[in-house]
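With my numbering, letter number 81 in the sequence shown gets 1235, and the count goes up by one each step, no holes.
Cβ coordinates follow ideal geometry from the N, Cα and C atoms, glycine included.
Keep in mind the model is a prediction, meaning the values are calculated, not measured.
All remarks here apply to the structure that follows.
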Amino acid sequence: MPAGAVVRASVDRYTELTVIGPAQLVVETVAPQISLRLESGLLVGEYEHHPGGTLRVHSPGATTTVVGTLFAVQAVGLDESRVAVRRGAVMVEGHGQAVRLRAGWSWASGAVARPEIPAALDEQLLAHAAAGRAPSHD
């Protein structure tokens, strides 16, 4: 999708996503195991954990398993991603690391987890949360 474009959608009743362009997102599988591949751009989402369900976001150099949270994943290069958590927790695996991020923390490829969220990602997380639920498609 082109620069400046914003797409907001419900994947199912547990998953709300906002994609901010320029971006390329591929939905690999849906319900109850959701698998997404973010090749470029920014994905902000809210996921409610439920029995039997998982949400995984594959991005350059990382795989993020969402536990139930308000989160952001940004693909910033061929082998670099950033992940931030506003609420809840995620598990990030990449570049030989496995890191559990909790609310207020972020991670970038090749760096250690930090107890802060970069301002640009935090702004998008807050905007996503303020927008409410998108129309359901399930």
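Check, Outcome
"P1269 versus G1207: straight-line alpha-carbon distance, rounded", "28 Å"
"Beta-carbon separation (whole angstroms), A1238 vs F1225, contact threshold 8 Å", "7 Å"
"Pairwise C-alpha distance: P1156 and G1223", "The sequence as given places Thr at residue 1223; Gly does not occur at that position. One C-alpha to the other measures close to 27 Å."
"Nonlocal neighbours in the same chain, by C-beta distance under 8 Å from G1258, ignoring five residues either side", "V1239, R1240, P1269, E1270 and I1271"
"Closest by C-alpha distance to W1321, when choosing among A1281, E1193 and S1213", "Any question about residue 1321 goes unanswered here, given that the chain covers just 1155 to 1292."
"CB contact flag (L1192, L1179, <7 Å)", "yes"
"Inside the stretch 1163-1239 only - beta strand (DSSP E) runs reaching at least 3 residues", "1169-1183, 1187-1201, 1208-1213 and 1216-1231"
"Contact under 7 Å by Cβ, A1229 with S1194", "yes"
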